[in-house]
């Protein structure tokens, strides 16, 4: 049975922040819970996601399966035309309440979609620059300490993990896996622990979106079978269109008396009971997501 559920909320677009984050914050406050908010440090350029149709086999099929054009269409158009607020971190009116209520903040790339599209073609120095700039922008604008970092789309590698070591963040959540671990890549042991996402995201469910009851039940069953589950919600999905999906998980945890914690809290609880062990971080496919992601071997 799960010892605790780590909850992270990715906020990938300005519309997700403005329209999706407040309902999620109300949902958490009603249950007296907190989460880790993953925020990009730069501009919302969602329109760049269109390039992935050309570069990544299976991406168009995912868009169709998840009704992504309906969900992301307005924000994609806005970013293409260059209208509206350009940085999520400038949406102070919607970010103030989560920060005041104790939600922690993690970096989530500089330009979310650009990182997702082209991370593996970036020079190591550029990767480090983007990580450093992301953290600096968030801390300067929001006046809060950045606890960790999560590579957009779990597109990470040696340069990203090395950058986290160099700037001294408490943890990274750049991987998919089973439990917190110390990553090893190319024979090099990194210092910054990884807190991997262990459960499928909403857009990875077998039957697509809107989520089917059977798929949500299956996620709850996986949650219950894992010792240290981590769920990644999205302001653009659970916040705007499918709140019942996250409510189902939170209600399940309440019924089973499973604590729901930000990732820093999950790591502390893990370290009270376990020592961190090393695992290889490799590029591998996962069900429901096109391409490869950084995965705990």
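Numbering (the working numbering), first residue to last: 38 to 334. Think of the CB as a built atom: it goes at the ideal place given N, C-alpha and C, for glycine as much as any other residue. If you're wondering where the values come from, they're calculated on a predicted model, not measured in any experiment.
Exercise. From residue 226 to residue 56, what distance separates their C-alpha atoms?
Worked result: Numbered from 1 along the chain shown, position 189 holds the residue referred to as residue 226. Numbered from 1 along the chain shown, position 19 holds the residue referred to as residue 56. If I take the Cα positions, the gap works out to 41 Å.
Problem set entry | Cut-off 7 Å between Cβ atoms - residues of its own chain near residue 39, not counting five sequence neighbours on either side | Within the chain shown, residue 39 is the residue found at index 2, counting from 1. So the qualifying residues of the chain are 260, 261, 263, 264, 266, 295.
Exercise. Which residue comes first and which comes last in the beta strand (DSSP E) that contains residue 321?
Worked result: Sequence index remark: in the chain shown, residue 321 carries index 284 (1-based). Under the DSSP assignment, residue 321 falls in the beta strand (DSSP E) whose first and last residues are 315-323.
Exercise. What residues in its chain sit with their C-beta under 6 Å from that of residue 136, if we drop five residues either side in the sequence?
Worked result: Counting from 1 along the chain shown, the entry for residue 136 is found at position 99. Here the set comprises 181.
Exercise. Cα-Cα, which of 134, 274, 284, 246 is closest to residue 257?
Worked result: One-based indexing of the chain shown puts residue 257 at position 220. With distances taken between Cα atoms, residue 257 lies closest to 284.
Problem set entry | 8 Å contact criterion, which residue 167 and residue 147 should meet: CB distance rounded | Within the chain shown, residue 167 is the residue found at index 130, counting from 1. Within the chain shown, residue 147 is the residue found at index 110, counting from 1. About 4 Å separates the two Cβ atoms, so the contact holds.
Exercise. Does the segment 193-204 touch the segment 241-252, meaning 3 or more C-beta pairs lie closer than 8 Å?
Worked result: no
For this session: Give a yes or no on contact between the segment 267-281 and the segment 49-68, applying the rule of three or more CB pairs nearer than 8 Å.
Result: yes
For this session: In angstroms with no decimal places, state the Cα-to-Cα distance between residue 163 and residue 233.
Result: For the purposes of this step, residue 163 is taken as residue 126 along the chain shown, with counting starting at 1. For the purposes of this step, residue 233 is taken as residue 196 along the chain shown, with counting starting at 1. So the alpha carbons of these two residues sit roughly 24 Å apart.
For this session: With distances taken Cα to Cα, identify the nearest neighbour of residue 282 among 236, 131, 41.
Result: Counting from 1 along the chain shown, the entry for residue 282 is found at position 245. With distances taken between Cα atoms, residue 282 lies closest to 236.
For this session: On a CA-only basis, which of 154, 143, 157, 63 is nearest residue 170? Give me that one, please.
Result: Translated into the one-based positions of the chain shown, residue 170 becomes position 133. For residue 170, the nearest C-alpha among the options comes from 143.
For this session: Could you name the residues that DSSP lists as bridge partners for residue 330?
Result: Taking the chain shown and counting its residues from 1, the one referred to as residue 330 is at position 293. Note: residue 330 sits in a beta bridge opposite 321.
For this session: Can you grab the Cα-Cα spacing for the pair residue 117 / residue 82, in whole Å?
Result: As a working mapping, residue 117 is identified with position 80 in the chain shown. As a working mapping, residue 82 is identified with position 45 in the chain shown. Bear in mind that a pLDDT of 48 at residue 117, under 50, signals an unreliable position, so the model cannot answer this.
Problem set entry | N-terminal and C-terminal residue of the alpha helix (DSSP H) that residue 66 is part of | Translated into positions along the chain shown, residue 66 becomes position 29. 58-67 is the extent of the alpha helix (DSSP H) around residue 66.
Exercise. If you run the structure through DSSP and keep just helix, strand and coil, what is residue 103?
Worked result: Taking the chain shown and counting its residues from 1, one reaches residue 103 at position 66. Low local confidence applies: a pLDDT of 49 at residue 103 is under 50, so the model's placement there is unreliable, and no value is given.
Exercise. Name the DSSP bridge partner or partners of residue 271?
Worked result: Here the question's residue 271 lines up with position 234 in the chain shown. Answer is 47, bridged to residue 271.
Exercise. Taking just the CA atoms, how far does residue 130 sit from residue 212?
Worked result: Numbered from 1 along the chain shown, position 175 holds the residue referred to as residue 212. Numbered from 1 along the chain shown, position 93 holds the residue referred to as residue 130. Distance between the alpha carbons of residue 212 and residue 130: 31 Å.
Problem set entry | Nearest residue (CA-CA) to residue 70, options 61, 78, 157, 77 | Counting from 1 along the chain shown, the entry for residue 70 is found at position 33. Among 61, 78, 157, 77, the Cα nearest to that of residue 70 is on 61.
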